[in-house]
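Data block below; observations after.
Numbering (the numbering used here), first residue to last: 6 to 233.
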């Protein structure tokens, strides 16, 4: 394999990055643990970066399929949220104009929408695109750099959160997400769709702490014990 330098905020390098490729996967965009106060602060790099990658892939004649990583965050927040009887499907969209939606969901929503708008305008482009929308992604890390998702687990184990909100999360193993992306590159009948990557159930934040405590007994006395 070869490495090519490219920047999500620059046009240079992307043509070279996809040259001769059969498949292109755009994996992630910035996800800070502490959301910026400006709800649109993350939009330029998320939206423009995604468009640069997808445009370059569409212009490369060898590329057969593009997999874009979005998020369930781009699906889950609307003004009458939550309604118990409403389930999240690939037809659901977060409303980025709602002032209760923070910077990361705003950025993921606007980035994904921009990509769909792009492929809708080019003949045959939609037939090359698959979007994967994962829930909270945890699992083995590739290196020592702690991602924001993993940092939440780290903070649970270091006593940073003695108490947690009464809310539940659906978690998906990073290896399952990777396998889904790999299959999405070649599977029939998935182009032009949004694929939700999630486990079959959810865990309360308190249960997440208990589960981590059992997995790492050395830190069991550090995990959250109370709800807010």
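Idealized CB from N, CA, C, for every residue including glycine.
Legend entry - Beta bridge counterpart(s) of residue 168 as assigned by DSSP: In the chain shown, the residue the question calls residue 168 occupies position 163. Paired residues: 231.
Legend entry - the segment 156–176 contacting the segment 118–138, beta-carbon criterion three pairs below 8 Å: no
Inset, instruction - Report the three-state DSSP secondary structure of residue 96 (helix, strand or coil). - result: The residue labelled residue 96 in the question sits at position 91 within the chain shown. In this structure, residue 96 counts as coil in the three-state DSSP scheme.
Legend entry - Proximity winner among 211, 164, 131, relative to residue 71 (alpha-carbon distances): By 1-based counting over the chain shown, the position of residue 71 is 66. The candidate whose alpha carbon is nearest that of residue 71 is 131.
Legend entry - C-alpha distance - residue 188 paired with residue 182, whole-angstrom precision: The residue you call residue 188 lines up with position 183 of the chain shown. The residue you call residue 182 lines up with position 177 of the chain shown. One C-alpha to the other measures close to 10 Å.
Inset, instruction - Whole angstroms is fine: what's the gap from residue 80's alpha carbon to residue 25's? - result: Here residue 80 refers to the residue found at position 75 of the chain shown. Here residue 25 refers to the residue found at position 20 of the chain shown. Going by the C-alpha atoms only, they are around 33 Å apart.
Legend entry - Endpoints, the alpha helix (DSSP H) within which residue 19 is located: Reading the chain shown from its first residue, position 14 is the one you call residue 19. Run containing residue 19: 19–23, per the alpha helix (DSSP H) assignment.
Legend entry - Beta-carbon proximity check, residue 51 vs residue 20, cutoff 7 Å: Here the question's residue 51 lines up with position 46 in the chain shown. Here the question's residue 20 lines up with position 15 in the chain shown. No; because the gap between Cβ atoms is not below 7 Å, this pair is not in contact.
Inset, instruction - Under 6 Å Cβ to Cβ from residue 161, same chain only, skipping five residues before and after it: list those, please. - result: Position 156 of the chain shown holds residue 161. 214, 217, 228.
Inset, instruction - Would you list the one or two residues that DSSP bridges to residue 138? - result: Position 133 of the chain shown, counting from 1, holds the residue named residue 138. Paired residues: 201.
Legend entry - For residue 188, the three-state DSSP class (helix, strand or coil): The sequence position of residue 188 within the chain shown is 183, counting from 1. The answer is helix: DSSP assigns residue 188 an H, G or I state.
Legend entry - Rounded distance between the beta-carbons of residue 55 and residue 76, thought under 8 Å: As a working mapping, residue 76 is identified with position 71 in the chain shown. As a working mapping, residue 55 is identified with position 50 in the chain shown. Between residue 55 and residue 76 the Cβ distance is about 12 Å, and since that is not below 8 Å, they are no contact.
Inset, instruction - Identify, in the order they occur along the chain, each residue of the same chain with its Cβ nearer than 8 Å to the Cβ of residue 2, setting aside the five sequence neighbours on each side. - result: Because the chain in this structure spans residues 6 to 233, residue 2 falls outside the shown range and cannot be described.
Inset, instruction - Find out if the Cβ-Cβ distance for the pair residue 210, residue 150 is shorter than 7 Å. - result: For the purposes of this step, residue 210 is taken as the residue at position 205 of the chain shown. For the purposes of this step, residue 150 is taken as the residue at position 145 of the chain shown. No.
Legend entry - Cβ-Cβ separation, residue 84 to residue 98 (assumed contact under 8 Å), whole Å: In the chain shown, counting from the first residue as 1, residue 98 sits at position 93. In the chain shown, counting from the first residue as 1, residue 84 sits at position 79. Actually they are not in contact, since the Cβ atoms of residue 98 and residue 84 sit about 12 Å apart, beyond 8 Å.
Legend entry - residue 44 - DSSP class collapsed to helix/strand/coil: The residue given as residue 44 occupies position 39 in the chain shown. Residue 44 falls in the coil class under three-state DSSP.
Inset, instruction - Whole angstroms is fine: what's the gap from residue 207's alpha carbon to residue 78's? - result: The count along the chain shown starts at 1 and reaches residue 207 at position 202. The count along the chain shown starts at 1 and reaches residue 78 at position 73. The straight-line gap from Cα to Cα measures roughly 15 Å.
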